[in-house]
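Following the working numbering, the numbering of the sequence shown begins with -10 at its first residue and continues without gaps.
Ideal placement from N, C-alpha and C gives every residue a C-beta, glycine not left out.
Since the model is a prediction, treat every value here as computed from it, not as a measurement.
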Amino acid sequence: MSTANGTATRRTELAAFLRTRRERISPEDVGLPPGTRRRTAGLRREELAQLAGVGVTWYTWLEQGRPINASVQVLDAIGRTLKLDATERAHLFRLADVPGAAGIAACDDCPLPDQMQQILDALPLPACVVTERFDLLAWNATYAAVFPGVTSAPTEERNTLLSAFTSLPCCAPFDNHQASCAIMVGQLRAAYSKHLGDPAWTHFIRRLEAESPAFAEAWAAHDVAQLTGVVKRLRHPGVGRITVATTNLSVQAVPGARMTVYTPVDAQSKKALARLAAGEEADARFPCWSAHHPERKVPALTA
């Protein structure tokens, strides 16, 4: 199919999608009186346009599949008015050909299934679930023993990239801290191309730039890294050095999320992780822990 034909087909699909979703919303659903002279089901175009804060003519053209462009903010307003769920919202952005469509669905609308925690808990290796933005969604006990700084943080602060760049070197679990951070920034940059214009992503990146000069420098380099397995050298105050290889598995329930499993690459690391999995030294902290985290307790197991 040519590019022109593909664009025309996408616009036709967009028009049909908007129309069918509009017809599913009753006036009562959005606080309007039901009326007695409605010839069509659902909301009228002018009602939807008013509720979404867009022009009636512009919305009509959009629903007719005309070649007009829509911003993230406008489509977001239309999606909220139509009460689209995360999957429908992502579909809307893809049909509208908006940058970031592949990952536009908000993870707040896509909770992890209960089985995911059971899977994590069944693994004897450190394992966690993170988003493309490195927000930590879930983890197991062995992961918490290795990365207590991020798992014990308040919910809104549980981000592995934020933790890596703002933790003091004496508390950091990474032995090769600089190399590990560089790879993470490259992966973030690659994911960011799918979220251009997303306010949440923009805020997160601006915050990291403000809090970490090292991140600001790495981000300005525009280096890009694939989401592939890497070897990480870790350190733990109770079991010593741990060298692991990471394996990433897609988590379909949350757009862009992945489960990362840390597998030991040598006998020493295997023994160290086995001890942590058995509960030995799981609560060990570096001597500076209480000074830098005075109000934090031993991390819980679930996010």
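Query	Result
Count the other C-beta atoms from every protein chain shown that fall within 10 angstroms of the C-beta of A94, then say buried if there are 16 or more, exposed otherwise.	Caution is warranted here: a pLDDT of 45 is assigned to A94, below 50, making its placement in the model unreliable, and the coordinate value is therefore given only provisionally. Buried, since its Cβ has 16 or more Cβ neighbours within 10 Å.
For V322, count the other beta carbons within 10 Å of its own beta carbon; 16 or more makes it buried, fewer makes it exposed. Which is it?	Any answer about residue 322 is impossible in this case: the structure gives the chain only from -10 up to 292.
Quick one: what does DSSP say A234 is sitting in, helix, strand or coil?	strand
Going by the CB atoms, is the gap between E121 and T214 shorter than 8 angstroms?	Here residue 214 is Ala; the residue named in the question, Thr, does not match the sequence. For A214 and E121, no; Cβs fall outside 8 angstroms.
Have a look at the DSSP bridge pairing and note the partners of Y251.	T235
Specify, as a first and last residue, the run of the beta strand (DSSP E) that V119 falls within.	A116 to V119
If you run the structure through DSSP and keep just helix, strand and coil, what is D124?	strand
Helix, strand or coil for K221, going by three-state DSSP, please let me know.	strand
Is the beta carbon of V135 sitting closer than 8 angstroms to the one on P162?	yes
Among the residues of its own chain, which have a CB less than 6 angstroms from the CB of A91, if the five just before and after it don't count?	Confidence in A91 is poor, its pLDDT being 46 and thus under 50, which makes the residue's placement unreliable; the coordinate value appears in the next sentence. Answer for A91: K183, listed in chain order.
Taking 8 angstroms as the threshold (C-beta atoms), are T155 and V139 in contact?	no
When the Cα atoms are used, what is the spatial distance from A297 to A171?	An answer regarding residue 297 cannot be provided, because it is not within the stretch -10 to 292 covered by the chain.
Just the C-alpha distance for A210 and G175, rounded to the nearest angstrom, thanks.	9 angstroms
Can you tell me the Cα-Cα spacing of Y48 and R(-1), whole angstroms?	16 angstroms
With distances taken Cα to Cα, identify the nearest neighbour of H166 among E270, L223 and V63.	L223
Taking contact to mean at least 3 C-beta pairs separated by less than 8 angstroms, is the segment 56 to 74 in contact with the segment 34 to 46?	yes
On the three-state DSSP scale, how would you describe F163?	strand
DSSP three-state call for G229: helix, strand or coil?	strand
By Cβ distance, which residues of its chain are closer than 7 angstroms to R264, with the 5 residues on each side in sequence left out?	V228 and E270
Nearest to W190 by alpha carbon, out of E36, V61, A273 and R8?	V61
Where DSSP assigns a beta bridge to N148, which residues make up the other side?	D124
Based on Cα-Cα distance, which residue from I14, R78, A75 and F82 lies nearest to A59?	F82
My guess is that H281 and C160 are in contact by the Cβ rule of under 8 angstroms, so how many angstroms apart are they, rounded?	6 angstroms
For a test of the three-state rule: what should DSSP assign to R8, helix, strand or coil?	helix
Is the beta carbon of R247 sitting closer than 8 angstroms to the one on S239?	yes
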